[in-house]
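Undergrad:
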Amino acid sequence: MGVEAVALSLQGNTMLPIPRRSESAIIAQHERADNCTLRADNDKIRCENIAIREALKNVICPSCGGPPLNDDSYFDDQKLRLENAHLKEELDRVSSIAAKYIGRPISQLPPVQPIHLSSLDLSMSCFGNQAMVDHVLAPSPSLNLDLLSAGTSSSVPNFPYQPPYLSDMDKSLMSEIASNAMEELLRLVQTNEPLWLKSNVDGRDVLNSDSYDRIFPKPNSRPKTPNLRLEASRDSAVVLMNSLALVDMFMDPNKWMELFPTIVSVATTIQVISSGMMGGSLQLMYAELQVLSPLVSSREFYFLRYCQQIEKGTWAVVDVSYDFPQDSHFGPHFRSRRRPSGCLIQDMPDGHSKITWVEHVEIEDKTLPHRLYRNLIYSGMAFGAERWLATLQRMCERLTYLMITSDSTVDNPGGVISSAEGKRSMMKLAQRMVTNFCGSIGTASGRRWTTISGLNEILIRVTVHKSSNPGQPNGVVLSAATTIWLPTPPHTVFNFFKDETKRPQWDVLSNGNAVQEVAQITNGQNAGNSISVLRFKRKQEQGKVWGFASHSCISDSSELLAICQVEYGSDNCL
């Protein structure tokens, strides 16, 4: 409302109004002044933002040593993933309809699978991962010794079929199946003869099929065919970890994959049936198991995992395949089926655990295994209890050494690893190396390998997959693998590849240049279990210093050596 003043006319008594500026004009002037101030502040912030963006272009990621991820490309990638998931669901739906009405599914291209990384929380005394809900796994709490805090994959495995709705009746049936499987496992673990007989050849436990069928009759078992065979094995060992920590890792699929990187390539919890602790925890899970060679097909399972505390300090974990109804599009006909298998974990006074492991699997061989692996597979050693326990012993020993933060475990003559944090970074790098190697060399997740001819009639197999996980450069990864037989003991071959003085004889990346070991982190009692940092003795590529990080592992079942190239900074540090 305007404001006016009244004045007396000098020529008479007439009253004349004197106009003044309205309130709206004053407010507009103040707003203009405020806008000018805001524009100045905005220009200042914009300049600072530009300066920060320019600085970020030169930032190096502390986890992987590469450039930071671009925001736009990240969201574009997420959008593409969602679109791919939607297209795959539509394709699966159409394929299932085609299979139902025309008798055969629509042929599909092999899915592109990233390497799955997971975070292993090294808790030695905690249990209770109750953060799981149906179809979704919430991340476990981050603990002090998280080796792969930046390595957890956000991708979800592609299931052959979508998870079904489980009614209360289904869950009740699952609970009954799991309970019966637990009873069978405990008898298999605790009974010797007549269920188990000692082999006259190597002293291993051999399952007596006649006694098994008599004690555990299965009227609804799959009909026996010439291609159907059974694998059964049992073994015991002592590991450097208590029962609570082991049970926690077995019931978390991410930790389970991390604990067995050479065996478990894909694992996820589809649905939590029950989450009780003392009364038992029951989950419906999916997993793919592998041998580290494209010559051996992976084994897929939908199974129930049930854990139960038998008594104080004693736990049992059992797996058993679950047969979905015949009219369900969720349960495909896998060539592998798990009979009650698992382990009994008993605490020991020194903080260790005694584990008795049983593996019992039905296998339907469509084709003969490759001749190089035929004896290994038919003997049951490829997926048997001995391999599971040997891997578990090695990983528990490694985790124990990782918790020793003193510099006594680091041989560092070159000053490359200058702190405890540097040691931890090397541990993370070594773990990523092993996980990536194991994830890229097998046949899991339907990965198809193309065979090409190499030198001396050696066949080389190649495959391509997309890498988009944290801690890895985005892009397409080409993997090549070959398998050969050598008339030489495994430890001789392992020592040859581990010897840095012999590297120029076989490593094309060294280009004939000599290398020297400048740091070593011991992570096991065997001298072969270590992480080494190697460096070329002379500079390459315009003054840059290149080298290798090498992670070697020895267990009773295998020997593994993973290598990646690294660059040294101007201060001689990685």
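Converting from the sequence shown to the working numbering requires adding 20 to each position, the first position being numbered 1.
Cβ atoms here follow ideal geometry from the backbone N, Cα and C, with glycine treated the same way.
Three Cβ pairs or more, each shorter than 8 Å: is that satisfied between the region 384 to 393 and the region 273 to 281?
TA: no
Undergrad: Going by beta carbon distance, what residues of the same chain come within less than 6 Å of Trp377, once the five residues before and after it are set aside?
TA: Asp255, Cys363, Ala405, Trp408, Leu409
Undergrad: Mind checking who Leu227 pairs with in its DSSP beta bridge?
TA: Trp216
Undergrad: Is DSSP giving Phe517 helix, strand or coil here?
TA: helix
Undergrad: Mark Asn574 as exposed unless 16 or more other C-beta atoms lie within 10 angstroms of its C-beta, in which case mark it buried.
TA: Per the sequence shown, residue 574 should be read as Ile rather than Asn. Result: buried.
Undergrad: If you draw a straight line from the alpha carbon of Glu587 to that of Gly567, how long is it in whole angstroms?
TA: 6 Å
Undergrad: Along the chain, where does the beta strand (DSSP E) that runs through His380 open and close?
TA: His380 -> beta strand (DSSP E) spans 373 to 384.
Undergrad: Between Leu309 and Ile283, how many whole angstroms is the CB-CB distance? I'm expecting something under 8 Å.
TA: 6 Å
Undergrad: Sorted by chain position, which residues of the same chain lie with C-beta nearer than 7 Å to Ser231's C-beta, five sequence neighbours on each side aside?
TA: Pro214, Leu215
Undergrad: Should Met261 and Cys416 be called a contact, given that it needs their Cβ atoms to be closer than 7 Å?
TA: yes
Undergrad: Could you tell me if Arg59 is buried or exposed, where buried requires 16 or more neighbouring beta carbons within 10 angstroms of its beta carbon?
TA: So Arg59 ends up on the exposed side.
Undergrad: Can you give the Cα-Cα distance for Leu422 and Ser572, rounded to whole angstroms?
TA: Their Cα atoms are separated by approximately 15 Å.
Undergrad: When the Cα atoms are used, what is the spatial distance from Ala307 to Asn247?
TA: Taking the straight line joining both Cα atoms gives about 23 Å.
Undergrad: How many whole angstroms separate the CB atoms of Leu581 and Lys518, which I take to be in contact at a CB cut-off of 8 Å?
TA: About 6 Å separates the two Cβ atoms, so the contact holds.
Undergrad: In this structure, does DSSP put His485 in helix, strand or coil?
TA: strand
Undergrad: Thr387 lies in the alpha helix (DSSP H); which residues open and close that run?
TA: Premise fails: Thr387 is in no alpha helix (DSSP H) and is neither H nor E.
Undergrad: In the DSSP assignment, what are the bridge partners of Glu308?
TA: Val286, Glu320
Undergrad: Using a Cβ-Cβ cutoff of less than 6 Å, which residues in the same chain neighbour Ala53 once the five nearest sequence positions on both sides are dropped?
TA: none
Undergrad: Classify His380: buried if its beta carbon has 16 or more other beta carbons within 10 angstroms, exposed otherwise.
TA: By the neighbour-count rule (16 or more Cβ atoms within 10 Å), His380 is buried.
Undergrad: Which residues bound the alpha helix (DSSP H) around Gln49?
TA: 43 to 76
Undergrad: Closest by CA to Leu302, which one among Phe323, Arg319, Ser313, Leu312?
TA: Phe323
Undergrad: Using the C-alpha atoms, what's the distance from Arg467 back to Ser356?
TA: 18 Å
Undergrad: Out of Ile397, Ser187, Gln49, which one is the CA nearest neighbour of Ala252?
TA: Ile397
Undergrad: Please list the terminal residues of the continuous beta strand (DSSP E) segment that includes Leu449.
TA: Run containing Leu449: none in the beta strand (DSSP E); it sits in the alpha helix (DSSP H), 440 to 461.
Undergrad: With distances taken from CA atoms, which of Arg418, Ser473, Phe344, Met401 is nearest Leu9?
TA: Outside the shown range of the chain (21 to 594) lies residue 9, about which nothing can therefore be said.
Undergrad: Which same chain residues end up closer than 8 Å to Ile478 when comparing Cβ atoms and leaving out the 5 residues on each side of it in sequence?
TA: These residues qualify, in order along the chain: Thr502, Ile504.
Undergrad: From the DSSP output, in three-state form, read off Gln303 for me.
TA: strand
Undergrad: Please check the pair Thr463 and Ser317, which I expect to be a contact at CB under 8 Å, by giving their CB distance rounded to whole angstroms.
TA: 6 Å
Undergrad: By DSSP, does Ala105 sit in helix, in strand, or in coil?
TA: In this structure, DSSP gives Ala105 a helical state, which the three-state scheme calls helix.
Undergrad: For Leu30 and Ile47, what's the separation of their Cα atoms in angstroms?
TA: The predicted position of Leu30 is uncertain, since its pLDDT is 44 and thus under 50; a value taken from the coordinates is nonetheless stated next. Those two C-alpha atoms are separated by around 34 Å.
Undergrad: Rounded to a whole number of angstroms, what is the C-alpha to C-alpha distance between Lys486 and Asp367?
TA: C-alpha separation (whole angstroms): 43 Å.
Undergrad: Specify, as a first and last residue, the run of the beta strand (DSSP E) that Gly497 falls within.
TA: In the sequence as presented, Gly is not what sits at residue 497; that position holds Val. Run containing Val497: 495 to 501, per the beta strand (DSSP E) assignment.
Undergrad: Near Arg481, what residues of its chain come up, given a Cβ to Cβ distance below 6 Å and the 5 sequence neighbours on each side ignored?
TA: Pro314, Trp469, Thr471, Ala501.
Undergrad: Is there a C-beta anywhere in chain B that falls below 7 Å from the one on Ser445?
TA: Any reference to chain B falls outside this structure, which holds one protein chain only.
Undergrad: Along the alpha helix (DSSP H) that carries Ile197, what are the first and last residues, could you check?
TA: Per DSSP, Ile197 belongs to the alpha helix (DSSP H) from 188 to 210.
Undergrad: What separation, rounded to the nearest whole angstrom, lies between the Cα atoms of Val338 and Ala201?
TA: 7 Å
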